[in-house]
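Peer 1: Encoded as structure tokens, here's the structure I'll be asking about.
Residue numbers (mature numbering (1 follows the signal peptide of the UniProt record, and there is no 0)): -21 to -1, 1 to 89.
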């Protein structure tokens, strides 16, 4: 399990540093999302669960979140960007919900 945590930490750290180095952009966010999906597939295998499928959020969607596993970071950007939340539902199945969120690195911008 510590190996999985290390893989997740390296993925998040390297992805966030790439966003800062390249000034953000769809290509970088795409890589972050792909890295997250790969890490979550490895997490599923390590837990003996089926790999999660990505669902795109729709307004008013009913969510069944029993346990939060991981959320991709928005900390290095001040743009609206894709974010993925991985969670277990009440049946223990892994799910990935993708939605768009404003970055949290906005300073002095109204």
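Quick reminder that beta carbons are idealized off the backbone N, C-alpha and C, glycines included.
Once you ignore the five residues that flank residue 34 on each side, which residues in its own chain have a CB closer than 6 angstroms to its CB?
Peer 2: Hits under 6 angstroms: 76.
Peer 1: Just the Cα atoms here: how many angstroms apart are residue 20 and residue 32?
Peer 2: Answer to the nearest angstrom: the Cα atoms are 9 angstroms apart.
Peer 1: To the nearest angstrom, how far is the alpha carbon of residue 11 from that of residue 51?
Peer 2: Going from the Cα of residue 11 to the Cα of residue 51 covers about 8 angstroms.
Peer 1: Could you give the uninterrupted runs of the alpha helix (DSSP H) lying entirely in the stretch 13 to 86, keeping only those of 4 residues or more?
Peer 2: Those alpha helix (DSSP H) runs which fall completely within the stretch 13 to 86 and span 4+ residues do not exist here.
Peer 1: Report yes if the C-beta distance between residue 81 and residue 62 is below 7 angstroms; otherwise report no.
Peer 2: Cβ atoms of residue 81 and residue 62: not closer than 7 angstroms.
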